[in-house]
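So the sequence shown is residues 0 to 391, counted in numbering that gives the first Met the number 0. Glycine included, C-beta positions come from ideal geometry on N, C-alpha and C. To keep things clear, I will list the structure first and then write my remarks on it.
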Amino acid sequence: MDKLSNLLSRYKKQWSLEQGFYTSQETLAAEAEKIWKRGWLFAGFTCEIPMPGDYFTYNVFNQSAIIIRDDNGEIYAHHNTCRHRGSVICLEERGNEPDLKCPYHHWIYEKNGNLRSARMMDKDFNKAEFGLHPIHVNILSGAIFICFADDAPDFSKVRSDLAPYLDPYDLHHAKVAYRDRYELDANWKLIGENFRECYHCGPAHIEYCQAVIGADLFEERDQLWAEQKELWRSNGFPENTINQVMGAGHFGIRYPLRPGFASYSLDGKPVAPLMGKHKDYDTGVVGLINYPNFWMDAVADYIWVMRITPLEPSRSVVDLIWLVNGKAEEGRDYEVERLTEFWKITGEQDWHLCENNQKGILSEKYSPGPLSDTETDVVHFHEWYLSALGSK
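Written out as structure tokens, the structure is:
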């Protein structure tokens, strides 16, 4: 750990991080233990598992979680490992099972994790002692967060700050309209840093800058923002920015689209029916983050969510989900291509930037450089990350 200690001790605020933070297996191993296996991770949404027995899995390093709905509507998370000899239980990423049956020796578990049946075991065998190992679960307005730690950190501040932004979308009754997945040759932090600044937006994101006034960092938007805040407040929508300072791990904001734009779309027109409690499209953009892996941009008619998962020091998986009103019908109320095209274009622009960033960091001549004043949120991200990595 001496190398990591040296990296931490040499950190210079308002500068990019040293090479080892993005390339070292030792650093990634420390992140796995201190961040990914200790913190609250976004797994998915309750609307993805609407029926009893519906489940999905989420794999992080060597940990695999089963997230499943039981017959009473409760959602549980279990370690995906049989209590007999350790086989993985759910082999598919998602599906529906009346029971959780180990494919090896057919031990059968209830959806809540209790062991129901263990074939041919001794008469003194106590089933109550061999239920699936539980994983902590928190449901945040329809978003499912899990924690692999034995003792999970407090989630109450995240809930109280972010729930007012999520509640109007009625996510329990939303619908997954589309999923996508990218494997990137980039460290997970480079993806996070990219989404914490718009210094690159003007040169890289023509479509995004057309939709969001001021995204190029040149246009004036303070007056529009002040006017929109008053409108949002009068309509009962939260408009206060949840600032991410001094190691805090979550962030929330509502900001205006360009006048004439009702949604995140190439032409500015709506792409789907209004979600939840929204009565019109003039509610701006809601941006929410919970480190290390939850990133959300939402407009009145759809939600786009990014879930980041590290694979190797220079490789990550990005899972994308588009949510719409649960009653919306594809082909009648929305077209998948039109719904997804804005963030497919913008996202793929970012993927190229992140991979290019990783390639440059691998150079023997890479060294940290000073950050712009417009990259303050990258500094906040670094502070959260370094605080978590340096914890005992």
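For phenylalanine 41, the number of other beta carbons within 10 angstroms of its own is at least 16, and it is reported as buried. Distance from the CA atom of glutamine 13 to the CA atom of histidine 379, rounded to whole angstroms, is 9 Å. When DSSP reads this structure, aspartate 349 sits in no beta bridge, so it has no partner.
Per DSSP, reduced to three states, the secondary structure at glycine 359 is helical. The alpha-carbon of cysteine 101 is positioned some 42 Å away from that of isoleucine 344. In the DSSP annotation of this structure, cysteine 89 is not part of any beta strand (DSSP E), being labelled neither H nor E. By the Cβ neighbour-count rule, histidine 381 is buried, with 16 or more other Cβ atoms within 10 Å of its own.
Secondary structure in the segment 117-197: the alpha helix (DSSP H) runs of 4 residues or longer, each lying completely within the stretch, are 155-165, 187-193 in chain order. Counting the other CB atoms within 10 Å of its CB gives phenylalanine 341 a total of 16 or more, which places it among the buried residues. The beta-carbon distance between tyrosine 290 and lysine 188, rounded to whole angstroms, is 10 Å. This is too long to meet the 8 Å contact definition.
Counting along the chain, the unbroken beta strand (DSSP E) around glutamate 311 starts and ends at 301-311. Within the same chain, and ignoring the five residues on either side of tyrosine 207 in sequence, the residues whose Cβ sits closer than 7 Å to its Cβ are Cys200, Ala214, Thr345. In the three-state reduction of the DSSP assignment, lysine 12 falls in the coil class, being assigned neither a helical nor a strand state. CA-CA distance, histidine 135 to glutamine 348, rounds to 35 Å. Excluding its 5 nearest sequence neighbours in each direction, alanine 299 has C-beta neighbours in its own chain below 6 Å: Leu273, His277, Tyr280, Thr282, listed in chain order. Tryptophan 35 is not a Cβ neighbour of asparagine 137, given a cutoff of 8 Å. In chain order, Val317, Trp350 place their CB closer than 7 Å to the CB of tyrosine 181, counting only its own chain and leaving out the 5 sequence neighbours on each side. In terms of Cα proximity to serine 313, the closest of Gly19, Ile65, Asn324 is Gly19.
Histidine 77 is not a Cβ neighbour of proline 152, given a cutoff of 8 Å. In summary, threonine 45 is buried, with 16 or more beta-carbon neighbours lying within 10 Å of its beta-carbon over all protein chains present. DSSP lists Ile107 as the bridge partner or partners of lysine 100.
Boundaries of the alpha helix (DSSP H) around glycine 201: 200-203. Excluding sequence positions up to five before and after glutamate 354, its CB lies within less than 8 Å of the CB of Leu183, Asp184, Ala185, all in the same chain and listed in chain order. Secondary structure at valine 335: helix, using DSSP grouped into helix, strand and coil. In the three-state reduction of the DSSP assignment, arginine 37 falls in the coil class, being assigned neither a helical nor a strand state.
Burial is judged here by how many other beta carbons sit within 10 angstroms of a residue's own beta carbon; proline 97 has fewer than 16 and is exposed. For the segment 205-262, the continuous beta strand (DSSP E) assignments of 3+ residues that do not extend past its boundaries occur at 249-254, in sequence order. In the DSSP annotation of this structure, the continuous segment of the alpha helix (DSSP H) that includes glycine 19 starts and ends at 19-22. Contact check for leucine 385 against valine 377 fails: the beta carbons are separated by 8 Å or more.
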